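Residue numbers (UniProt numbering), protein chains in the order written: chain A, 1 to 428; chain B, 1 to 428.
Protein chains: 2
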Amino acid sequence: MGLVVQKYGGSSVADAESVKRVAQRIAATKRAGNDVVVVVSAMGDTTDELIELAEQVTPIPGGRELDMLLTAGERISMAVVAMALGNLGLEARSFTGSQAGVITDSAHGKARIIDVTPGRISQALGEGAIAIVAGFQGVSQDTKDITTLGRGGSDTTAVALAAALEADVCEIYTDVDGVYSADPRVVPTARKLARVSYEEMLEMAASGAKVLHLRCVEYARRFDLPVHVRSSFSQREGTWVTNTPQQGAAEEGQDVEQPIISAVAHDRSEAKVTVVGVPDKPGEAAAVFRALADAGTNIDMIVQNVSSVATGRADISFSLPKADGQSAVAALRKIQPTIGFDDILFDDAIGKVSLIGAGMRSHPGVSATFFDALAGAGVNVEIISTSEIRISVIVRAEDLDAAVQALHTAFELDATDEVATVYAGTGR
Amino acid sequence: MGLVVQKYGGSSVADAESVKRVAQRIAATKRAGNDVVVVVSAMGDTTDELIELAEQVTPIPGGRELDMLLTAGERISMAVVAMALGNLGLEARSFTGSQAGVITDSAHGKARIIDVTPGRISQALGEGAIAIVAGFQGVSQDTKDITTLGRGGSDTTAVALAAALEADVCEIYTDVDGVYSADPRVVPTARKLARVSYEEMLEMAASGAKVLHLRCVEYARRFDLPVHVRSSFSQREGTWVTNTPQQGAAEEGQDVEQPIISAVAHDRSEAKVTVVGVPDKPGEAAAVFRALADAGTNIDMIVQNVSSVATGRADISFSLPKADGQSAVAALRKIQPTIGFDDILFDDAIGKVSLIGAGMRSHPGVSATFFDALAGAGVNVEIISTSEIRISVIVRAEDLDAAVQALHTAFELDATDEVATVYAGTGR
Numbered sequence: 001m002g003l004v005v006q007k008y009g010g011s012s013v014a015d016a017e018s019v020k021r022v023a024q025r026i027a028a029t030k031r032a033g034n035d036v037v038v039v040v041s042a043m044g045d046t047t048d049e050l051i052e053l054a055e056q057v058t059p060i061p062g063g064r065e066l067d068m069l070l071t072a073g074e075r076i077s078m079a080v081v082a083m084a085l086g087n088l089g090l091e092a093r094s095f096t097g098s099q100a101g102v103i104t105d106s107a108h109g110k111a112r113i114i115d116v117t118p119g120r121i122s123q124a125l126g127e128g129a130i131a132i133v134a135g136f137q138g139v140s141q142d143t144k145d146i147t148t149l150g151r152g153g154s155d156t157t158a159v160a161l162a163a164a165l166e167a168d169v170c171e172i173y174t175d176v177d178g179v180y181s182a183d184p185r186v187v188p189t190a191r192k193l194a195r196v197s198y199e200e201m202l203e204m205a206a207s208g209a210k211v212l213h214l215r216c217v218e219y220a221r222r223f224d225l226p227v228h229v230r231s232s233f234s235q236r237e238g239t240w241v242t243n244t245p246q247q248g249a250a251e252e253g254q255d256v257e258q259p260i261i262s263a264v265a266h267d268r269s270e271a272k273v274t275v276v277g278v279p280d281k282p283g284e285a286a287a288v289f290r291a292l293a294d295a296g297t298n299i300d301m302i303v304q305n306v307s308s309v310a311t312g313r314a315d316i317s318f319s320l321p322k323a324d325g326q327s328a329v330a331a332l333r334k335i336q337p338t339i340g341f342d343d344i345l346f347d348d349a350i351g352k353v354s355l356i357g358a359g360m361r362s363h364p365g366v367s368a369t370f371f372d373a374l375a376g377a378g379v380n381v382e383i384i385s386t387s388e389i390r391i392s393v394i395v396r397a398e399d400l401d402a403a404v405q406a407l408h409t410a411f412e413l414d415a416t417d418e419v420a421t422v423y424a425g426t427g428r
Numbered sequence: 001m002g003l004v005v006q007k008y009g010g011s012s013v014a015d016a017e018s019v020k021r022v023a024q025r026i027a028a029t030k031r032a033g034n035d036v037v038v039v040v041s042a043m044g045d046t047t048d049e050l051i052e053l054a055e056q057v058t059p060i061p062g063g064r065e066l067d068m069l070l071t072a073g074e075r076i077s078m079a080v081v082a083m084a085l086g087n088l089g090l091e092a093r094s095f096t097g098s099q100a101g102v103i104t105d106s107a108h109g110k111a112r113i114i115d116v117t118p119g120r121i122s123q124a125l126g127e128g129a130i131a132i133v134a135g136f137q138g139v140s141q142d143t144k145d146i147t148t149l150g151r152g153g154s155d156t157t158a159v160a161l162a163a164a165l166e167a168d169v170c171e172i173y174t175d176v177d178g179v180y181s182a183d184p185r186v187v188p189t190a191r192k193l194a195r196v197s198y199e200e201m202l203e204m205a206a207s208g209a210k211v212l213h214l215r216c217v218e219y220a221r222r223f224d225l226p227v228h229v230r231s232s233f234s235q236r237e238g239t240w241v242t243n244t245p246q247q248g249a250a251e252e253g254q255d256v257e258q259p260i261i262s263a264v265a266h267d268r269s270e271a272k273v274t275v276v277g278v279p280d281k282p283g284e285a286a287a288v289f290r291a292l293a294d295a296g297t298n299i300d301m302i303v304q305n306v307s308s309v310a311t312g313r314a315d316i317s318f319s320l321p322k323a324d325g326q327s328a329v330a331a332l333r334k335i336q337p338t339i340g341f342d343d344i345l346f347d348d349a350i351g352k353v354s355l356i357g358a359g360m361r362s363h364p365g366v367s368a369t370f371f372d373a374l375a376g377a378g379v380n381v382e383i384i385s386t387s388e389i390r391i392s393v394i395v396r397a398e399d400l401d402a403a404v405q406a407l408h409t410a411f412e413l414d415a416t417d418e419v420a421t422v423y424a425g426t427g428r
């Protein structure tokens, strides 16, 4: 028996019935002898509805006030979850981010946690109560104003609290039953992974897998906190995110050899910009990227063509979030007279596909299989980027699904039967 | 020029359009050179909707959690009002009850304010900002838990903040344009009162007039704070509640003699219980009322019949809120064997009508006119209760409207023309 932190997302507490179901699960964990801390998101679409309300009043809501507004969402869900537990005969107390000691900087809408001082949570646990904590929110150290951590921040709240409380595990409940070897909507034979390493999970989150928030995984890795991603709609084991693959109850008695490749991720949210005919002189490419950085553009993948001997000019292509496209192009137009490049091309009909696996760093031949598979599926590659445990490429948007499916099959990730779906990623 | 506290009720901030309209009014007050503190209720029916949500989860929501839930309502409205002011180019900062320094006891759902320490409000005002404060809520001194002041508590928040900040006036904006000589739905000729004394307003609130919360008036009287009740839908003067009838801009240059009678109030929320055949011995009636007090019953009016010489027994009748009826009857049934009374009759087909006026204490003949008027309207009186500035009677529910109308006419309260409607209560 130990200390369990559970996080329930908005779809798990969408209405009164869902809340009651979640309360049953929390109660079972408590009655099994654990201390339980629960982090909740706002119910269903509440956050979107609040943003819509703000937009009806002003086109540009101030950050401080928008945070005040949005934090009403978790306030509602946490109180209702506590009430539902009360109805099951258990004492539960709800706490705002501020009351739970989630101290952040003052960056409204995207605050970073700088300290967690969960004195009131520890006290509640010590008195036998279940603590229900509002996810996604904190209080700024300097101004004492309410802050939010940005979309998906409730995962980060859960992991940060679990780390500060030295919890045994942080369970992230969601509407899927774990992390899959690919998006099952694209690859019907995708398998649930029994475990992934922090590094793999980070690469997957950065490559478009939406199941866990990037900052939450970074936080878990820093504190070496086991995270268990699972469904609030079933009792099945989900996916364990840990540093030590031997951990995690699912593997007990099974082959625990690490597979080479864990997953294929994809991302439809990026666009590609090509700066045509940049003079191939020292400092010109740097000037391009400095202008983009000044405009606040998050650049992902970059490629520079070999420059033409005839013209002494090269093309630079890079990918970036579609949402940053307009401001990036505007920033480039502004420096065009200074740099003297020929043109700017904007292309949002692209997709990114990534292969992730901690095993690839020690297994040669992965790249060869990767590009063979894409070639076999007739997919043309536009930009390539690699890390020690990831290969990503930009392809045409209409080729994305085929690319994901081809890689999934080529790296033998397809589930072969029902058991493989449940305990995927092991026993190969 | 000065410090103005404004309170806007739920109907004044029911949707985005209303919020923008309210923001215009706040902006005008600020631009006229005033420091402005705004207290807001939850938007429209938000509080009812949150209560409904709680009831879907549990039949008996815990007080601490219900308060946490309900305070989400004002959190939404205050942030949205602050945003709307930002959109008009004014700096506005929202504050929760806790942030505004509204310190209460720990009685969840009906907490009483024990201190107001509005340091952050003063700081915001000093920096030229408009402070938007969540009504209805505070933080408990002992447990640091979020509390609510009970229904209508936003009025109390506004007056308490105004007193602590030594504001020049507390303006209570509502969906009616002031305090009327009777409910205009019952008496179409009712006049708006230009001013009423704290005492009269207290008696009116206690007698069923719903425009101001009883505790808010008590608070204003204790701190001698002028309260201006007015409509958020017009620019007209409303009703001034003060100790000094000479105050209030409306009366300038007019006859300021205090009228004898201010208003007729009515209340449909009470029921009547009759305990039949109580032995007429010392201590028996006391035992009845002790049992009711132990059951938490709020008794309003009481009458005891002259006891029968033949039986040595008397009947005791009293009025009480309908909501307390069931528990009161149960408490009485429990002591019936001990006391030995004959029966308990419960009657919820009653109404209470009250005549209120500070002038009646020095004017004889008010009672005679009162009962003459009711007799003339064929209304039978069941219980009578009086204070120095009020006469109340219980009548049949179906006679209530006729009783109100007859009294309103008999005491010459009917408006005679348009001017009288606007500046009612003066110039007679």
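C-beta: ideal position from N, C-alpha, C; glycine also.
Fair warning: this is a prediction, and the values are worked out from it, not measured in the lab.
Check your understanding: Looking only at its own chain, which residues have a Cβ that is under 8 Å from the Cβ of PHE372 (chain B), when we skip the five neighbours before and after it?
Key -> Residue numbering aside, residue 372 (chain B) sits at position 372 when the second sequence is read from its first letter. Position check: residue 372 (chain B) holds Asp in this sequence, whereas Phe was assumed. Counting only Cβ-Cβ distances below 8 Å, and skipping sequence neighbours, we find ALA410.
Review point. For LYS30 (chain B), which of B:ALA129, B:ARG64 and B:SER122 has the nearest alpha-carbon?
Key: Within the second sequence, residue 30 (chain B) is the residue found at index 30, counting from 1. Per the Cα distances, B:ALA129.
Practice item. Indicate whether at least one CB of chain B lies closer than 9 Å to the CB of LYS144 (chain A). Key: The count along the first sequence starts at 1 and reaches residue 144 (chain A) at position 144. Yes, LYS144 (chain A) lies at the interface with chain B (some Cβ there is under 9 Å from its Cβ).
Check your understanding: When the Cα atoms are used, what is the spatial distance from ALA314 (chain A) to ALA368 (chain A)?
Key -> Counting from 1 along the first sequence, the entry for residue 314 (chain A) is found at position 314. Counting from 1 along the first sequence, the entry for residue 368 (chain A) is found at position 368. About 28 Å.
Review point. If you run the structure through DSSP and keep just helix, strand and coil, what is GLY63 (chain A)?
Key: Position 63 of the first sequence, counted from the start, is the residue given in the question as residue 63 (chain A). In the structure shown, GLY63 (chain A) sits in a helix (DSSP, three-state: H, G or I).
Practice item. Provide the residue span of the alpha helix (DSSP H) that contains GLY126 (chain B), from first to last. Key: Taking the first residue of the second sequence as 1, we reach residue 126 (chain B) at position 126. Unbroken alpha helix (DSSP H) run through GLY126 (chain B): 119–126.
Exercise for review: State whether the stretch 13–27 of chain A contacts the stretch 395–410 of chain A, with contact taken as three or more CB pairs (one from each stretch) at a distance under 8 Å.
Suggested key: no
Check your understanding: Alpha carbon to alpha carbon, how far is PHE95 (chain B) from GLY9 (chain B)?
Key -> The count along the second sequence starts at 1 and reaches residue 95 (chain B) at position 95. The count along the second sequence starts at 1 and reaches residue 9 (chain B) at position 9. If I take the Cα positions, the gap works out to 17 Å.
Practice item. Return the CA-CA distance between LEU88 (chain A) and ALA27 (chain A), expressed in angstroms with no decimal places. Key: Here the question's residue 88 (chain A) lines up with position 88 in the first sequence. Here the question's residue 27 (chain A) lines up with position 27 in the first sequence. Between LEU88 (chain A) and ALA27 (chain A), the C-alpha separation is close to 8 Å.
Exercise for review: Would you please verify whether the beta carbon of THR58 (chain A) is less than 9 Å from any beta carbon of chain B?
Suggested key: The residue you call residue 58 (chain A) lines up with position 58 of the first sequence. Cβ-Cβ to chain B under 9 Å: yes for THR58 (chain A).
Check your understanding: Do you know whose CA, among B:LEU212, B:ASP142 and B:HIS266, lies nearest residue 488 (chain B)'s CA?
Key -> It is not possible to answer for residue 488 (chain B), since the shown part of chain B is limited to 1 through 428.
**Study point:** Beta-carbon proximity check, LEU292 (chain B) vs LEU332 (chain B), cutoff 9 Å
**Key:** In the second sequence, counting from the first residue as 1, residue 292 (chain B) sits at position 292. In the second sequence, counting from the first residue as 1, residue 332 (chain B) sits at position 332. Yes, the Cβ-Cβ distance between LEU292 (chain B) and LEU332 (chain B) is below 9 Å.
Exercise for review: Please confirm if ALA92 (chain B) has its CB atom under 9 Å from at least one CB of chain A.
Suggested key: On the second sequence, position 92 is the one that residue 92 (chain B) refers to. Taking Cβ atoms only, chain A reaches closer than 9 Å to ALA92 (chain B), which makes this a yes.
**Study point:** Proximal chain C residues relative to GLY89 (chain B), where beta-carbon distance stays under 8 Å
**Key:** The question asks about chain C, but that chain is absent: this structure's protein chains are A and B.
Review point. GLU199 (chain A) to ASP399 (chain A), Cα distance in whole Å?
Key: Working through the first sequence from its first residue, we reach residue 199 (chain A) at position 199. Working through the first sequence from its first residue, we reach residue 399 (chain A) at position 399. Rounded to whole angstroms, GLU199 (chain A) to ASP399 (chain A) spans 27 Å at the Cα level.
Exercise for review: Starting from the C-beta of LEU320 (chain B), find all residues in its chain whose C-beta is less than 7 Å away, skip the five residues before and the five after it, and write them out in chain order.
Suggested key: Counting from one through the second sequence, the residue named residue 320 (chain B) turns up at place 320. Correct list, in chain order: GLU270, ALA271, VAL273, THR297, ASN298, ILE299, ASP300 and ALA328.
Practice item. List the endpoints of the continuous beta strand (DSSP E) containing TYR173 (chain B). Key: Against the second sequence, residue 173 (chain B) aligns to sequence position 173. That run of the beta strand (DSSP E) goes 169–174.
**Study point:** Residue from B:SER234, B:ILE261, B:THR143 and B:GLY208 whose Cα sits closest to the Cα of GLY351 (chain B)
**Key:** Here residue 351 (chain B) refers to the residue found at position 351 of the second sequence. Cα-wise, what sits closest to GLY351 (chain B) is B:GLY208.
Exercise for review: Compare the C-beta of VAL36 (chain A) with all C-beta atoms of chain B and state if any pair is closer than 9 Å.
Suggested key: Stepping through the first sequence from its first residue, residue 36 (chain A) is reached at position 36. For VAL36 (chain A), the answer is no, since every Cβ of chain B falls outside 9 Å of its Cβ.
Check your understanding: In three-state terms, what does DSSP make of ASP177 (chain B)?
Key -> Within the second sequence, the letter at position 177 stands for residue 177 (chain B). The answer is coil: DSSP assigns ASP177 (chain B) none of H, G, I, E or B.
**Study point:** Straight-line gap, ILE389 (chain B) to ILE356 (chain B) (C-alpha atoms, nearest Å)
**Key:** Stepping through the second sequence from its first residue, residue 389 (chain B) is reached at position 389. Stepping through the second sequence from its first residue, residue 356 (chain B) is reached at position 356. Approximately 6 Å between the Cα atoms of the pair.
Practice item. Give the straight-line distance between the Cα atoms of PRO279 (chain B) and LYS322 (chain B), rounded to the nearest whole angstrom. Key: Indexing the second sequence from 1 puts residue 279 (chain B) at position 279. Indexing the second sequence from 1 puts residue 322 (chain B) at position 322. Rounded to whole angstroms, PRO279 (chain B) to LYS322 (chain B) spans 26 Å at the Cα level.
Review point. From A:ALA131, A:ASP177 and A:GLY325, pick the residue whose C-alpha is nearest to that of ASP348 (chain A); which is it?
Key: Numbered from 1 along the first sequence, position 348 holds the residue referred to as residue 348 (chain A). Ranking the options by Cα distance to ASP348 (chain A), first place goes to A:GLY325.
Practice item. Might you give, ordered along the chain, the residues of its own chain that have their beta carbon closer than 8 Å to the beta carbon of ASP379 (chain A), omitting 5 neighbours on each side? Key: Position 379 of the first sequence, counted from the first residue, corresponds to residue 379 (chain A). Checking the sequence shown, residue 379 (chain A) turns out to be Val, not Asp. Only VAL395, ARG396, ASP399, ALA402, ALA403 and ALA406 meet the Cβ criterion.
Practice item. Evaluate contact between the stretch 146–164 of chain B and the stretch 224–234 of chain B, counting only Cβ atoms and requiring at least three cross-stretch pairs below 8 Å. Key: yes
Exercise for review: Below 8 Å on the Cβ atoms is my guess for VAL53 (chain A) versus VAL80 (chain B); work out the distance and round it to an integer in Å.
Suggested key: Taking the first sequence and counting its residues from 1, one reaches residue 53 (chain A) at position 53. Taking the second sequence and counting its residues from 1, one reaches residue 80 (chain B) at position 80. Looking at the sequence itself, residue 53 (chain A) is Leu, so the reference to Val does not match. That pair is a contact at about 6 Å.
Point to revise | chain A contact residues for ILE76 (chain B), given Cβ-Cβ distances below 8 Å | key: Numbered from its first residue, the second sequence carries residue 76 (chain B) at position 76. Simply LEU50, LEU53, LEU69 and ALA72.
Exercise for review: Give, in chain order, every residue of the stretch 200–221 of chain A whose Cβ lies closer than 9 Å to some Cβ of chain B.
Suggested key: none
Point to revise | Distance between LEU50 (chain A) and CYS170 (chain B) (C-alpha atoms, nearest Å) | key: Locating residue 170 (chain B) in the second sequence gives position 170, where the first residue counts as 1. Locating residue 50 (chain A) in the first sequence gives position 50, where the first residue counts as 1. The alpha-carbon atoms of CYS170 (chain B) and LEU50 (chain A) are separated by roughly 30 Å.
Practice item. Report yes or no: is there a C-beta of chain A within less than 9 Å of the C-beta of LYS30 (chain B)? Key: Position 30 of the second sequence, counting from 1, holds the residue named residue 30 (chain B). Chain A, which has no Cβ nearer than 9 Å to the Cβ of LYS30 (chain B), makes this no.
Exercise for review: Could you say which of B:ALA263, B:ARG221 and B:SER122 lies nearest to VAL187 (chain B) if we only look at CA atoms?
Suggested key: Position 187 of the second sequence, counting from 1, holds the residue named residue 187 (chain B). Nearest of B:ALA263, B:ARG221 and B:SER122 to VAL187 (chain B), Cα basis: B:ALA263.
Review point. Quick one: is the Cβ of PRO337 (chain A) within less than 8 Å of any heavy atom of the ligand MN?
Key: For the structure depicted, the ligand MN is absent and the ligand set is empty, with no information on it obtainable.
Check your understanding: Nearest-angstrom Cα distance between ALA167 (chain A) and MET43 (chain B)?
Key -> Position 167 of the first sequence, counting from 1, holds the residue named residue 167 (chain A). Position 43 of the second sequence, counting from 1, holds the residue named residue 43 (chain B). When rounded, the distance between both Cα atoms is 40 Å.
**Study point:** Cut-off 8 Å between Cβ atoms - residues of its own chain near SER387 (chain A), not counting five sequence neighbours on either side
**Key:** For the purposes of this step, residue 387 (chain A) is taken as the residue at position 387 of the first sequence. For SER387 (chain A), where only same-chain residues beyond five positions count, the Cβ hits under 8 Å are GLU203.
Exercise for review: Please decide whether ALA16 (chain A) counts as near chain B, where near means a Cβ-Cβ distance under 9 Å.
Suggested key: Translated into positions along the first sequence, residue 16 (chain A) becomes position 16. Yes, ALA16 (chain A) counts as interfacial toward chain B.
Review point. Which residue comes first and which comes last in the beta strand (DSSP E) that contains ARG396 (chain A)?
Key: Counted from its first residue, the first sequence places residue 396 (chain A) at position 396. Looking at the DSSP string, the run of the beta strand (DSSP E) that includes ARG396 (chain A) is 390–396.
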